[in-house]
Amino acid sequence: MGDRIYPKLVAARLRGQMSYRVSFALECLGQAFAQAIELVVILVVFSRVDALGGFSASEVVLLYAFAGTAFGIADLVAGQLNELPDYIRTGKFDVLLLRPLGTLPQVMASDVRLRRAGRVAAGIITMAFALTHNDIAWSPWTVLLVVVTPLAGAVIFSAVWIVACAVSFWLVEAQELANAVTHGSNSFTSYPITVYSGWLRRFMAFVVPGAFVAYYPGLALLGRADPLGGPAFLGWIAPLVALAAACVAGLVWRFAVRHYRGTGS
Amino acid sequence: MIEVRELCREFAVTTRTGRFRRTRRTVRAVDSVSFDVAAGEAVGYVGPNGAGKSTTIKMLTGILVPTSGHVRVSGVDPSRSRRELTRRIGVVFGQRSQLWWDLPLRDSFDLLRAIYRVGAADYARRLRECVELLELSGFLDRPVRQLSLGQRMRGEVTASLLHGPELLVLDEPTIGLDLESKERLREFLADLNTTRGTTLLLTTHDLDDIERLCPRLVVIDRGTVLADGPLEELRAEVAPERVLVVDLEKPADPLGDLAGVVAVRSELGGLRQHLTFRRDETTAAALIAAVATRAEVHDLVVEEPEIDDVVRRLYARR
Numbered sequence: 001m002g003d004r005i006y007p008k009l010v011a012a013r014l015r016g017q018m019s020y021r022v023s024f025a026l027e028c029l030g031q032a033f034a035q036a037i038e039l040v041v042i043l044v045v046f047s048r049v050d051a052l053g054g055f056s057a058s059e060v061v062l063l064y065a066f067a068g069t070a071f072g073i074a075d076l077v078a079g080q081l082n083e084l085p086d087y088i089r090t091g092k093f094d095v096l097l098l099r100p101l102g103t104l105p106q107v108m109a110s111d112v113r114l115r116r117a118g119r120v121a122a123g124i125i126t127m128a129f130a131l132t133h134n135d136i137a138w139s140p141w142t143v144l145l146v147v148v149t150p151l152a153g154a155v156i157f158s159a160v161w162i163v164a165c166a167v168s169f170w171l172v173e174a175q176e177l178a179n180a181v182t183h184g185s186n187s188f189t190s191y192p193i194t195v196y197s198g199w200l201r202r203f204m205a206f207v208v209p210g211a212f213v214a215y216y217p218g219l220a221l222l223g224r225a226d227p228l229g230g231p232a233f234l235g236w237i238a239p240l241v242a243l244a245a246a247c248v249a250g251l252v253w254r255f256a257v258r259h260y261r262g263t264g265s
Numbered sequence: 001m002i003e004v005r006e007l008c009r010e011f012a013v014t015t016r017t018g019r020f021r022r023t024r025r026t027v028r029a030v031d032s033v034s035f036d037v038a039a040g041e042a043v044g045y046v047g048p049n050g051a052g053k054s055t056t057i058k059m060l061t062g063i064l065v066p067t068s069g070h071v072r073v074s075g076v077d078p079s080r081s082r083r084e085l086t087r088r089i090g091v092v093f094g095q096r097s098q099l100w101w102d103l104p105l106r107d108s109f110d111l112l113r114a115i116y117r118v119g120a121a122d123y124a125r126r127l128r129e130c131v132e133l134l135e136l137s138g139f140l141d142r143p144v145r146q147l148s149l150g151q152r153m154r155g156e157v158t159a160s161l162l163h164g165p166e167l168l169v170l171d172e173p174t175i176g177l178d179l180e181s182k183e184r185l186r187e188f189l190a191d192l193n194t195t196r197g198t199t200l201l202l203t204t205h206d207l208d209d210i211e212r213l214c215p216r217l218v219v220i221d222r223g224t225v226l227a228d229g230p231l232e233e234l235r236a237e238v239a240p241e242r243v244l245v246v247d248l249e250k251p252a253d254p255l256g257d258l259a260g261v262v263a264v265r266s267e268l269g270g271l272r273q274h275l276t277f278r279r280d281e282t283t284a285a286a287l288i289a290a291v292a293t294r295a296e297v298h299d300l301v302v303e304e305p306e307i308d309d310v311v312r313r314l315y316a317r318r
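Chains A and B are the protein sequences, given in the same order. Per the UniProt record's numbering, the very first residue in the first sequence carries number 1; after that it's consecutive. Per the UniProt record's numbering, the very first residue in the second sequence carries number 1; after that it's consecutive.
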């Protein structure tokens, strides 16, 4: 992706969208509002209880802010994959195969919606709030952690998104399933994983790997030990987990496209 | 330019056979197809719906991988060197767009220039040629969604030529166009083929496209090649009859008993007669002379069998 084609493609899409200014502003606001609603839910819950899974309100808001920002960025980068079933059904995907570029970046650059930036903005504001309302031992390392965590989280979410959407190469009707997985993983990561139990926790935390989006980095930032007994270094390896997730997603995509073109299965 | 040997493509089709039970069977969409296209040729690839045309095109352009068989297009294996191939060929699908819907046509061209990394001088020259010959200048700055189908198709053809392909593959390029747009597009494609030597392969249902553009025809049905050759040869082979239409000065009895005539249809009380004759039994000249001995001829015309009649006979023959 070293060349400047993708920025150009994205810029072209944005130009197209900016021709409808009012609806753009409204949608941007709507996205921020959607993100804020989830925050209200957390605050309502804490008006009834003092702690959730062993975490205070401001701590949960921090996790929520990490997850929300990461999800917002991922939505901006990979959200276009929701259009994939449509691409496959209408043959638009074939047109992508007729160009000298990879199909995944083409789909991702195809319809970037800047209005989704509203969600990212809401996430960052919430994060600023949470960072000032928690007791954090500031150092160059924790600053780095704050910057890297949403980015690594965004990569993890994007990878989940790619894998979930790749299913539509087999089942074009599977988009609802993909939505459940992506939005479900957003909800999951907004809370400390201690509130979940059993196979759901293990699956969403380590297979998906949602625990590295907000939970473990959050623990490290707060200087807390994992109530579930996980080692401390887990808070610092989110970028590595993200890299692994991206590799898996890349392989799944390749496999899926190969299936589509007819050598798979 | 194109080399196809015993090309096959199967699809798995699942059908419900009970409330829960499904059976899988494989269907051969393309069954052992072989043909060659030399550089500079213009070939029509025709057949009824579901004959396997689009599947073949998708295998030639690298979208689908063949189940078995050998394909070389422009010297490369399409399924293995998809990206390499995209730089050498241009593809136009009549029913799906490669343009950006809400951007001006000019911006779509500019994006394609970046995608294919076309040099500034080449790009400017090719665009200028297309703008001139396809008369795009009136709507270059209009968003694609506002273009008429005819204008959009001219845009699509331009888009597929900006990187200077040596082979242009067109899948139903004239579908849905009005007569004038069709004619303009055909004229452009014919010129592209003859003066610039771009090889053409096109699928179509409109046999006028073939008549106008393609000296050679490959006919496919149910996944196999039925016929391959110049239109004239196919015509002589499957439709050896001609029709002589004579307008007489005075009404006459039907002239069905003349040598070589196999059928006769009489109109206007015998004033106009359609005489169907076999070319291998008599010639038009001999028949005209025979008619003249029986009645005074006012006017006459010899009709070739329509091309769709030729193709229909080819399908019917199997």
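We treat Cβ as the ideally placed atom computed from N, Cα and C, and that holds for glycine. Quantities reported herein were computed from a predicted structural model and do not represent experimental measurements.
Query	Result
Any chain B beta carbon closer than 7 Å to Ile5/A	yes
Exposure label - Cys165/A; buried when at least 16 CB within 10 Å	buried
Chain A contacts made by the stretch 108-125 of chain B, where a contact means CB separation under 7 Å	Leu111, Ala114, Ile115, Tyr116
Members of the stretch 34-66 of chain B that neighbour chain A once the beta carbon cut-off is set at 8 Å	Lys58, Thr61, Gly62, Ile63, Leu64, Val65, Pro66
Continuous beta strand (DSSP E) stretch holding Arg24/B: start and end	22-37
9 Å Cβ cut-off: residues of chain C touching Leu103/B	Protein chains in the displayed structure are A and B, and chain C is not among them.
Those runs of the alpha helix (DSSP H) which lie wholly inside the stretch 46-96 of chain B and span at least 4 residues	53-60, 82-88
Candidates Asp208/B, Asp171/B, Ala114/B: closest to Glu187/B by CA position	Asp208/B
Contact list for the stretch 12-28 of chain B against chain A, Cβ threshold 9 Å	Ala12
Interface residues of chain B facing Arg99/A [CB-CB closer than 7 Å]	Thr86, Ile115
Same chain, Cβ closer than 6 Å to Trp253/A, five either side skipped, listed in chain order	Leu104, Ile162, Ala166
Own chain residues within Cβ distance below 7 Å of Gln175/A, not counting five before or after	Asn82, Pro85, Ser168
Per-residue contacts from Ser19/A into chain B (C-beta, under 9 Å)	Asp102, Pro143
Expected contact under 8 Å - CB spacing of Tyr45/B and Val311/B to nearest Å	With a Cβ gap of about 12 Å, Tyr45/B and Val311/B do not count as contacting.
For Cys8/B, the residue or residues it bridges with in DSSP	Ser68/B
Rounded straight-line distance, which links the Cα of Pro227/A to that of Trp236/A	17 Å
Cβ pair Arg24/B, Thr67/B closer than 7 Å	no
Burial state of Ile37/A, where buried means 16 or more other Cβ atoms lie within 10 Å	exposed
Cβ pair Asp206/B, Phe93/B closer than 7 Å	no
Cβ-Cβ distance between Val43/B and Arg216/B below 7 Å	yes
Terminal residues of the alpha helix (DSSP H) in which Gly155/B lies	149-161
Closest Cα partner of Leu134/B within the set Leu192/B, Arg82/B, Leu112/B	Leu192/B
Ala128/A beta carbon less than 7 Å from that of Gly223/A	no
Limits of the unbroken alpha helix (DSSP H) element including Gln35/A	21-46
N- and C-terminal bounds of the beta strand (DSSP E) containing Glu129/B	Where Glu129/B is concerned, there is no enclosing beta strand (DSSP E), although the alpha helix (DSSP H) it sits in stretches over 120-133.
Beta-carbon neighbours of Leu9/A, restricted to chain B and to distances below 7 Å	Leu111
Proximity test, Cβ basis, 7 Å: Arg96/B and chain A	yes
For Phe139/B and Trp100/B, the rounded distance between their alpha carbons	15 Å
For Thr283/B, three-class secondary structure by DSSP	coil
For Asp94/A and Pro78/B, the rounded distance between their alpha carbons	14 Å
CB contact flag (residue 279/A, Phe55/A, <7 Å)	No answer is possible for residue 279/A: it lies beyond the span of chain A, which begins at 1 and ends at 265.
Residues of the stretch 83-116 of chain A with Cβ closer than 8 Å to any Cβ of chain B, in chain order	Thr90, Gly91, Lys92, Asp94, Val95, Leu97, Leu98, Arg99, Pro100, Leu101
Residue span of the alpha helix (DSSP H) that contains Ser185/A, given as start and end	175-189
Closer than 7 Å to chain A by CB, Arg5/B	no
First through last residue of the alpha helix (DSSP H) which encompasses Ala164/A	140-166
Any 3 or more C-beta pairs closer than 8 Å across the stretch 150-160 of chain A and the stretch 180-189 of chain A	yes
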